[in-house]
Amino acid sequence: MAARDDLAILKAARTGVADAQLAIGTRYYLGNGSLPQSTETAFYWLERAARQGLTEAWTMIGRAVPYDLVRSTMSRPYEAVEWYERAFDSGVLEAGIVFSRLVLENSSHFGHKAKDKAVNVLKQLAERNNHEAQWLLAKHLAQLEDDQHHGAGEC
22 MAARDDLAIL
32 KAARTGVADA
42 QLAIGTRYYL
52 GNGSLPQSTE
62 TAFYWLERAA
72 RQGLTEAWTM
82 IGRAVPYDLV
92 RSTMSRPYEA
102 VEWYERAFDS
112 GVLEAGIVFS
122 RLVLENSSHF
132 GHKAKDKAVN
142 VLKQLAERNN
152 HEAQWLLAKH
162 LAQLEDDQHH
172 GAGEC
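When we follow our numbering, the leftmost residue of the sequence shown carries the number 22, and every step to the right adds one.
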């Protein structure tokens, strides 16, 4: 059972207090206080705080919430792109992978500018010897080449 201070913060979070949403999200992420560690519940609260403009919330999302959790918990995971893009742009490099995957795997929801940025992020990370970025970039380029070959064969 949650401790009294956790309950007070949770109550404030439920009423829409952004700082409380950040605090409860952080507590769930770390398993602090009487709350169990739960990245999924942390993401729920951090995302609400991020929607209200709290920099710390989207920074923590970019650092702590993996791609698979976003895909499995959100009905429209592409809506989380904003948090990962902001986190990456502010120096949270690990957010770049999730940003790029969300954009490139949901490309129908994004324009050329976002897609180009996602590819450029992968290139930046690949140059830093990030193996996941190298793999994702190679996969993306192979898909583009495959699409070009299939498109050329249909003319």
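The beta-carbon is built from N, C-alpha and C at its ideal position, and this holds for glycine as well. Here the structure is a predicted model, which means the values were calculated and not measured.
Between the options, which has its C-alpha nearest residue i's C-alpha?
i	options	result
V142	T47, T62, L90 and V119	V119
A41	T60, S59, E68 and A108	E68
L157	V124, H171 and G112	V124
E106	G54, G83 and E77	G83
G52	D27, K138 and K144	D27
V86	L165, K138, A108 and S96	A108
Y65	Q58, K136, T94 and G54	T94
L114	K160, V91 and K144	K144
Give the secondary structure of residue i by DSSP, where H, G and I count as helix, E and B as strand, and everything else as coil.
i	result
M95	coil
G74	coil
R25	helix
V113	coil
L51	helix
D120	The amino acid at residue 120 is misidentified as Asp; the sequence shows Phe. In this structure, F120 counts as helix in the three-state DSSP scheme.
R69	helix
Q169	helix
G132	coil
G37	coil
N127	coil
Q58	coil
V86	coil
R149	coil
With a CB to CB cut of under 7 Å and the five nearest residues on each side skipped, what residues in its chain are close to residue i?
i	result
L75	A39 and L43
Y99	L123, N127 and H130
Identify, in the order they occur along the chain, each residue of the same chain with its Cβ nearer than 6 Å to the Cβ of residue i, setting aside the five sequence neighbours on each side.
i	result
R25	none
A63	G46, Y49 and Y50
W104	A71, W79 and I82
Here's the rule I'm using: 16 or more other beta-carbon atoms within 10 Å means buried, otherwise exposed. How should residue i be labelled?
i	result
E61	exposed
R48	buried
T36	exposed
S121	buried
G112	exposed
L31	buried
L56	buried
L146	buried
G117	buried
A154	buried
A101	buried
So, for residue i: in the same chain, excluding its five sequence neighbours on each side, which residues have a beta-carbon less than 8 Å away from its beta-carbon?
i	result
V140	S121, L125, L158 and H161
Should the stretch 144 to 152 be regarded as contacting the stretch 126 to 135, the criterion being three or more beta carbon pairs within less than 8 Å?
no
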